[in-house]
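Here is the structure we will look at.
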Amino acid sequence: MAATFTRTSFNPNKKPSDPERWICIYPAYIDSNKTRVAGRRVPKSRAVERPTCTEISDVLQAANFKVGIEPKFYSRESSKEEEMRGRVRVQLKNEDGSPVNPTFPTSKMNSMNLERG
Numbered sequence: 075m076a077a078t079f080t081r082t083s084f085n086p087n088k089k090p091s092d093p094e095r096w097i098c099i100y101p102a103y104i105d106s107n108k109t110r111v112a113g114r115r116v117p118k119s120r121a122v123e124r125p126t127c128t129e130i131s132d133v134l135q136a137a138n139f140k141v142g143i144e145p146k147f148y149s150r151e152s153s154k155e156e157e158m159r160g161r162v163r164v165q166l167k168n169e170d171g172s173p174v175n176p177t178f179p180t181s182k183m184n185s186m187n188l189e190r191g
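So the sequence shown is numbered by this note's numbering: it starts at 75 and just counts up by one.
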């Protein structure tokens, strides 16, 4: 199950393994119903229709990533419904800076995993 935690301001002295340094993924980033202007970050051909934070979290956990879900709204999201709330934080690097999952060493590779998931 994904952890739930609150975010603090960025601190460059934090280790890559600290949750504050994990990358954020909003469902809008991979939503096929969104335009690039509305926040989609992957090609439409690889996007998913109306993904949820839980689905994103499940895919990432299946790929052996540590994840956390935060109850945040995406700034470009026009709907403020409860089902549209949330973002997933993902740990990409271990404390020493090495990739958590060597198969997906970068956030770009990680987003490709989400698209396939």
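Cβ atoms here follow ideal geometry from the backbone N, Cα and C, with glycine treated the same way.
Suppose you measure from the CA of Arg150 to the CA of Gly142; what does that come to, to the nearest Å? One-based indexing of the sequence shown puts residue 150 at position 76. One-based indexing of the sequence shown puts residue 142 at position 68. Cα to Cα, the separation comes out at about 21 Å.
DSSP three-state assignment for Val164, whether helix, strand or coil: Indexing the sequence shown from 1 puts residue 164 at position 90. DSSP places Val164 in strand when its eight states are reduced to three.
Per-residue DSSP class, three states only, for Asp132: For the purposes of this step, residue 132 is taken as the residue at position 58 of the sequence shown. DSSP places Asp132 in helix when its eight states are reduced to three.
Meets three-Cβ-pair contact criterion under 8 Å: the region 170–180 and the region 123–132: no
Suppose the cutoff is 7 Å on Cβ atoms and the five residues either side in sequence are ignored; what does the same chain contact list for Val202 look like? In the structure as shown, the chain begins at 75 and stops at 191. Residue 202 is therefore absent and cannot be evaluated.
Around the C-beta of Ser131, are 16 or more other C-beta atoms found within 10 angstroms, so that it is buried, or is it exposed? Numbered from its first residue, the sequence shown carries residue 131 at position 57. That one is buried.
DSSP three-state call for Pro193: helix, strand or coil? Look at the range of the chain in this structure, 75 to 191, and you will see that residue 193 is not part of it.
Can you tell which of Arg115, Arg161, Arg110 and Ala136 has its C-alpha closest to the C-alpha of Asn175? The count along the sequence shown starts at 1 and reaches residue 175 at position 101. Minimum Cα distance to Asn175 is reached at Ala136.
Classify Val162 as buried or exposed, calling it buried when 16 or more other Cβ atoms lie within 10 Å of its own Cβ. Indexing the sequence shown from 1 puts residue 162 at position 88. That one is buried.
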